[in-house]
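The structure under discussion appears below in the form of structure tokens.
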Amino acid sequence: MIVNEHKIKEQICEIGRKVYAKGFAAANDGNISVRLNDREIMCTPTMISKGSMKPEDCCKVDYEGKQLAGTRKRSSEILLHLAVYKNRPDVNAAVHCHPPYATAFAVAQQSIPKCVLPEVEVFLGEVPIAVYETPGTQKFAETIVPHLKSSNTIILANHGTVTFGPDLEKAYWNSEIIDAYCKILILAKQVGNVSYFTTQQERELLELKKRLGYDDIRFHRGENCDLCGNNTFGRGFVEPEAPACRVETKTSSNGHASGNGSGNGQPLPGGDLERLVQAITDQVMATLGAGSGPRR
Ligand SMILES: [Zn+2]
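This is the structure we're talking about:
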């Protein structure tokens with residue numbers, strides 16, 4: 050593969066500006082890399098804002114992480130990127146960052162549901178969560194290895210995300226897609242609940258994905274596999290925590306919240322949003338009280 054190294058450095062800087070502008074990497078967080086050939090990788094340096102890098106800031110390393118070129122010290126997370134390249138010959142670029150909504154799932158250690166949005170099914174597929182390890186270590190890099198074959202987007206428990214792809218733009222897009230998805234899930238939960246595709250709807254999407262030339266771990270599983278497999282997400286995210294939490298808030302001793310769970314229509318303190326949340330909560334509580342749970 051013949052590559053123009055200067056062009057790649059410029060592209061790394063451009064993606065770095067996007068990562069920073071989107072709020073995916075505070076201060077000096079995050080790192081980006083591109084595979085140059087079977088001996089060298091271009092990456093971002095450590096201790097630099099991804100929003101203001103210049104091409105000459107980039108570093109070149111070998112497959113053991115040893116620095117080959119560049120005046121700045123290479124990223125401390127290069128081992129994570131190397132784990133990707135060593136296990137995925139089809140991948141040429143990787144982005145590690147801390148997008149807030151996806152990182153909220155990482156902190157909650159809440160699995161990412163499937164069968165909710167078409168684009169997520171087609172472009173991401175399964176999004177696993179790798180176990181926590183101290184960042185920057187070889188042990189940390191190894192946490193993603195079990196998940197590399199089945200995904201292009203991995204959540205790092207209590208840390209952030211790593212996304213990768215055939216080129217840098219696609220690797221970065223996966224960071225945008227997962228964060229937008231997690232944001233929508235959190236909003237949907239606040240509005241009401243998360244509804245899922247039926248098995249037939251999901252099957253059609255996976256057929257489309259196949260026609261578009263994307264691979265998916267679910268293509269390779271047995272006929273009777275559970276396409277959605279959202280049991281964990283359903284238990285942990287959709288219910289019943291939301292009503293329980295609100296009850297706790299209402300009985301808190303700060304004297305601000307009011308109502309006793311049967312206060313439908315009562316005037317409430319606070320702004321419109323608070324009233325809306327209270328109204329929704331009361332409705333959910335009333336539904337639960339009537340013996341028929343919220344729609345799943
Ligand atoms: Zn990080």
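Heads up, the sequence shown is in the numbering used here, so the first residue is 50 and it goes up one at a time.
Ideal Cβ placement from N, Cα and C applies to all residues, glycine included.
Keep in mind that this is a model prediction, so the values were computed, not measured.
(request) Label Gly314 either buried or exposed according to how many other C-beta atoms from any shown protein chain fall within 10 Å of its C-beta, with 16 as the threshold for buried. (result) Within the sequence shown, residue 314 is the residue found at index 265, counting from 1. Because Gly314 sits at a pLDDT of 40, beneath the cut-off of 50, its placement in the model cannot be relied upon, and the point is left open.
(message) Could you tell me the alpha carbon to alpha carbon distance between Ile226 and Cys92, rounded to whole angstroms?
(response) Residue numbering aside, residue 226 sits at position 177 when the sequence shown is read from its first letter. Residue numbering aside, residue 92 sits at position 43 when the sequence shown is read from its first letter. When rounded, the distance between both Cα atoms is 22 Å.
(message) I'd like to confirm the pairing. Which residues does DSSP put opposite Leu24 in its beta bridges?
(response) This structure cannot settle anything about residue 24, because the visible part of the chain is limited to 50 through 345.
(message) Rounding to the nearest angstrom, what Cα-Cα distance links Ser98 and Ala76 in this structure?
(response) As a first step, residue 98 must be located in the sequence shown, where it is residue number 49. As a first step, residue 76 must be located in the sequence shown, where it is residue number 27. Note on geometry: alpha-carbon atoms of Ser98 and Ala76 lie some 6 Å from one another.
(request) Helix, strand or coil for Leu85, going by three-state DSSP, please let me know. (result) Within the sequence shown, the letter at position 36 stands for residue 85. DSSP places Leu85 outside both helix and strand once states are collapsed to three, so it counts as coil.
(message) Quick check on DSSP: helix, strand or coil for Ala75?
(response) On the sequence shown, position 26 is the one that residue 75 refers to. Ala75: coil per DSSP, three-state reduction.
(message) Shorter than 6 Å, the distance from the beta carbon of Gly209 to the closest heavy atom of ligand 1, or not?
(response) Counted from its first residue, the sequence shown places residue 209 at position 160. Yes - ligand 1 has a heavy atom lying nearer than 6 Å to the Cβ of Gly209.
(request) Report yes if the CB atom of Lys383 is closer than 7 Å to the CB atom of Cys277, and no otherwise. (result) The question about residue 383 has no answer, for the chain in this structure spans 50 to 345.
(request) With distances taken Cα to Cα, identify the nearest neighbour of Met102 among Cys62, Arg88, Ser160 and Thr202. (result) Here residue 102 refers to the residue found at position 53 when the sequence shown is read from its first residue. In terms of Cα proximity to Met102, the closest of Cys62, Arg88, Ser160 and Thr202 is Cys62.
(request) Write down the C-beta distance between Gly72 and Pro167 rounded to the nearest angstrom, noting that I regard them as a contact closer than 8 Å. (result) The residue you call residue 72 lines up with position 23 of the sequence shown. The residue you call residue 167 lines up with position 118 of the sequence shown. The C-beta separation of Gly72 from Pro167 comes to about 25 Å, leaving the pair out of contact by the 8 Å criterion.
(request) Output the boundary residues of the beta strand (DSSP E) element that contains Gln231. (result) By one-based count along the sequence shown, residue 231 stands at place 182. Note that residue 231 is Cys in the sequence shown here, rather than Gln. That residue, Cys231, is in no beta strand (DSSP E); its alpha helix (DSSP H) goes Leu217 to Val240.
(request) Buried or exposed for Pro195, please, with buried defined as at least 16 other CB atoms from any protein chain shown within 10 angstroms of its CB. (result) Mapped onto the sequence shown, residue 195 falls at position 146. Pro195 comes out exposed.
(request) Below 8 Å on the Cβ atoms is my guess for Asn223 versus Gly214; work out the distance and round it to an integer in Å. (result) Counted from its first residue, the sequence shown places residue 223 at position 174. Counted from its first residue, the sequence shown places residue 214 at position 165. Asn223 to Gly214, Cβ: 6 Å. Contact.
(request) Take Asn48 as the anchor and find which of Asp87, Ala70, Arg88 and Ile64 has the nearest alpha-carbon. (result) The displayed coordinates of the chain run from 50 to 345. Any statement about residue 48 would go beyond what the structure contains.
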